[in-house]
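Heads up, the sequence shown is in the numbering used here, so the first residue is 1389 and it goes up one at a time.
Glycine included, C-beta positions come from ideal geometry on N, C-alpha and C.
Note that the structure is predicted; figures quoted are calculated from it, not measured.
Before any comments, here is the structure.
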Amino acid sequence: MNFIKYTVAASLFSGVASAQGLFDINPNEVLDESIPLTYTFGVQFGYDDNANPITATGTAASDEGSSYVSADLTANLAIREPRTSWDINAGIGTTQYLDDVREDDTTYNLHAAFNFNHRINDRARFVSRNFANYGLDLDNFYGAITNRNADEFLYFSTDNAIGYRWTERLATYTGVTYSTLQYEGDDLDVDRYSIYNQFRYILNPQTTLTATGRYSFADFGNGGDTDRVNATVGFERQLSSTSSLVAQFGTQLGDSSSAFVNAHYNKQVTQQLKARAFIRYSQEDTDSIFFSSAGNSFRYEDRQVLRVGGAFDYALSPQLVLTAGGNYSNSEYSDSSDATQGDADWDLFSVYSALTYKINHAFSVRGSVNYTDSSADDVINRDYDRTRYEIGAYYTF
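Dropping the structure here:
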């Protein structure tokens, strides 16, 4: 077995370069073969029963519903060559709310995911994973952002690493990451930097053992910063030809310390059914800044988050596919920069289902329902529920 090829594939899958979230955002990443440049154009009509669940400053929103129309264009391309592989998934879209319930009834969304993998020589490889999103929402399966914002925000992350094969069984990945969260105002912004090194050891053809050390530093827009050291051990196991499990366990050390757990499982249950699940417990730096009743921003220095979720795709027929999933997060906050704000916690639960019918190789239609319930204790104005119904038509060319 070509060791460097194996370790690169495994590292991309496990999140050594962790720009893609709890479930991969870029659908092209796991492809073994090249695909030509394709575009998908979609138009949607829907109803959102809570189009503005919070305001920009966290004060109570109107809790009003609105119908909407939207359109988007997505591009996909994957190049797989012996020395260099890369792929991109990018899109642009706009949504128009029809019932005048938002301060700005027209919103925009842009996203791009780009992966690059280059074999420098027989022992060394460069891997880069990048993701950017501009809009109101970043899917809860992503994991970087819990909250829906009132105005469009920018999230960008990049992870770049050098992989080196030391022996036939041992390799390392050494890399740097950067992410930024930029809002309309500066108070909620977060910039995060980290450096890491991962040791990878092939125990057998099905199992790779990992050990990772990481130092990270976060700089907050409303003032203050935090740094921590992560140390984890884990494994990546091909359970069968149709299932795999990736897990990491360890600790996070800093001004406050906690355990770290991250695992995800994929299973091709039958030819028609594919399922996946994850669990993650860690300290997070985003969504830790809030506004007090007086309108002043404050930050919780310690935010520990448990995330669990799962999803499946089931082919009811060659033309009809059912997709469903759900996720839950619990955030516990402590050490507020505002002495009047005590500890707090926030529960967020989301489920969705969708039916996609493929009319032919180019045309498809889809209907979906998304439900979110947000419940918070001592976090100002994060109690809401929201249901969205949508139908759409899509053309690929």
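The region 1605-1622 makes contact with the region 1573-1587; the number of CB pairs closer than 8 Å reaches 3 or more. The Cβ atoms of Trp-1474 and Phe-1429 do not sit closer than 8 Å to each other. With 16 or more other Cβ atoms inside 10 Å of its own Cβ, Ser-1752 counts as buried. Rounded to whole angstroms, the separation of the alpha carbons of Ile-1590 and Ile-1508 is 21 Å. Its Cα nearest to that of Gln-1729, the residue Phe-1678 stands out among Phe-1678, Val-1739, Glu-1778. In this structure, Tyr-1456 lies near Thr-1483, with their beta-carbon atoms less than 8 Å apart. Between Thr-1596 and Glu-1624, the CB-CB gap stays under 8 Å.
Taking a contact as a CB-CB distance under 8 Å, the pair Arg-1616 and Gln-1640 counts as one, their CB atoms being some 5 Å apart. DSSP, read as helix, strand or coil, puts Ala-1606 in strand. For Pro-1470, the secondary structure class from DSSP, reduced to helix, strand or coil, is coil.
Between the C-alpha atoms of Phe-1519 and Val-1564 there is a straight-line separation of about 15 Å. In the three-state reduction of the DSSP assignment, Val-1657 falls in the coil class, being assigned neither a helical nor a strand state. For the options Gly-1780, Asp-1492, Glu-1556, Asp-1735, the alpha carbon positioned closest to that of Asn-1440 is the one of Asp-1492. Runs of the beta strand (DSSP E) lying entirely within the region 1451-1531, each at least 3 residues long, are 1454-1468, 1472-1485, 1494-1507, 1512-1523 in chain order. A Cβ-Cβ contact shorter than 8 Å links Gly-1481 with Ser-1458. In the three-state reduction of the DSSP assignment, Trp-1734 falls in the strand class. Within the same chain, and ignoring the five residues on either side of Ala-1703 in sequence, the residues whose Cβ sits closer than 7 Å to its Cβ are Gln-1660, Val-1709. For Trp-1734, the number of other beta carbons within 10 angstroms of its own is at least 16, and it is reported as buried. Per DSSP, the beta-bridge partners of His-1652 are Val-1634, Phe-1666. Here Arg-1588 is bridged, per DSSP, to Ala-1559, Thr-1598. Considering only Ser-1756, Thr-1775, Val-1489, Asp-1690, the residue with the shortest C-alpha distance to Gly-1612 is Asp-1690. An exposed status is given to Ser-1629, since fewer than 16 other beta-carbon atoms sit within 10 Å of its beta-carbon.
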